[in-house]
Amino acid sequence: MNNKDKIKILKEILDCESEITPETALSDLDEWDSVAILSFIAMMDDEFGKEVKGSVIRQFVTVQDALDCME
Numbered sequence: 000m001n002n003k004d005k006i007k008i009l010k011e012i013l014d015c016e017s018e019i020t021p022e023t024a025l026s027d028l029d030e031w032d033s034v035a036i037l038s039f040i041a042m043m044d045d046e047f048g049k050e051v052k053g054s055v056i057r058q059f060v061t062v063q064d065a066l067d068c069m070e
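With numbering that gives the first Met the number 0, letter number 10 in the sequence shown gets 9, and the count goes up by one each step, no holes.
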């Protein structure tokens with residue numbers, strides 16, 4: 000899966016209409032909140048079979064950090 004596909008999944012989780020890139024700071028996205036983090040955790044389990052802890056996700060700074068986790 001390439002970054003474009005991963006960003007599409009991330010935008011669906013965030014219900015985000017604005018353009019995001021790997022360099023986008025998650026703190027700049029109003030949609031990146033506790034609900035989005037829970038949705039990201041569920042998506043990682045469903046789509047990638049990976050268990051990711053909230054404490055790890057809270058360390059993310061940019062969209063690239065989320066994309067790297069989706070490998």
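Quick reminder that beta carbons are idealized off the backbone N, C-alpha and C, glycines included.
Remember, predicted model here, so these are calculated numbers, not experimental data.
- As computed with DSSP, residue 24 is found in a beta bridge with 61.
- One Cα belongs to residue 35, the other to residue 19, and the distance between them is close to 15 Å.
- CA-to-CA, the gap between residue 41 and residue 12 works out to about 10 Å.
- Leaving aside the five residues that flank residue 45 on each side, none in its chain has a CB nearer than 8 Å to its CB.
- In the three-state reduction of the DSSP assignment, residue 2 falls in the helix class, which pools H, G and I.
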